[in-house]
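In the working numbering, the protein residues as written are 702 to 889.
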């Protein structure tokens, strides 16, 4: 499968197989139909937000609805078109992680529900719209597993089916994280 990666900043990952890297500005001109999946990686810096134009949101909506797969991370979703595409409405500007941990909402491929993951970077608070939540973040006191959803938990990673396609959104630094050790289960 050919994958197009549009990033606000250069990533520390090497392109493999059918992956092709672009700057975020090239999203305006690249033909999305050539790719089985599109990835949008916003800037992990707190002082900057990455936004999509209404035209790009329209193009991405048509791409996903016709069967494309979209992954977006740290893309601003304050406005109506972006929030409808991602299935997530951003409430506040991003802030830096302090004591928050990621919590697995439901058991997935050998990782039990409630498992806690360490991470670093920035995060954005908001609420999901018609999505399935996979990860959430919050100030969990436990070290390995949190059985109960936290009172101050926010959606972190969620998916939305749109037409024949799929949209996955991360409200925290997942692929843009600088440290290779950041995302790891506490128990391993």
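Cβ coordinates follow ideal geometry from the N, Cα and C atoms, glycine included.
C-beta atoms of residue i and residue j nearer than 8 Å
i, j, result
"residue 737", "residue 803", "no"
"residue 834", "residue 859", "yes"
"residue 766", "residue 864", "yes"
"residue 769", "residue 812", "no"
"residue 815", "residue 847", "yes"
"residue 713", "residue 879", "yes"
"residue 806", "residue 771", "no"
Counted within 10 angstroms of its Cβ, other Cβ atoms place residue i as buried (16 or more) or exposed
i, result
"residue 711", "exposed"
"residue 855", "buried"
"residue 894", "Absent from the model: residue 894. The displayed extent of the chain is 702 to 889, so no value can be given."
"residue 742", "buried"
"residue 702", "exposed"
"residue 832", "buried"
"residue 786", "buried"
Whole-Å CB distance - residue i paired with residue j, under 8 Å assumed
i, j, result
"residue 874", "residue 823", "6 Å"
"residue 775", "residue 799", "Their Cβ separation, rounded to whole angstroms, is 17 Å, which puts residue 775 and residue 799 out of contact at 8 Å."
Bridge partners - residue i, DSSP secondary structure assignment
i, result
"residue 859", "834 and 870"
"residue 724", "708"
"residue 801", "DSSP, once it has assigned bridges, lists no residue as partnering residue 801."
"residue 789", "829"
"residue 703", "In the DSSP output, where bridge partners are listed per residue, residue 703 has none listed."
"residue 875", "DSSP output for residue 875 lists no bridge partner at all."
Checklist line | Validate contact between the stretch 784-801 and the stretch 818-828 using beta carbons, cut 8 Å, 3 pairs | finding: yes
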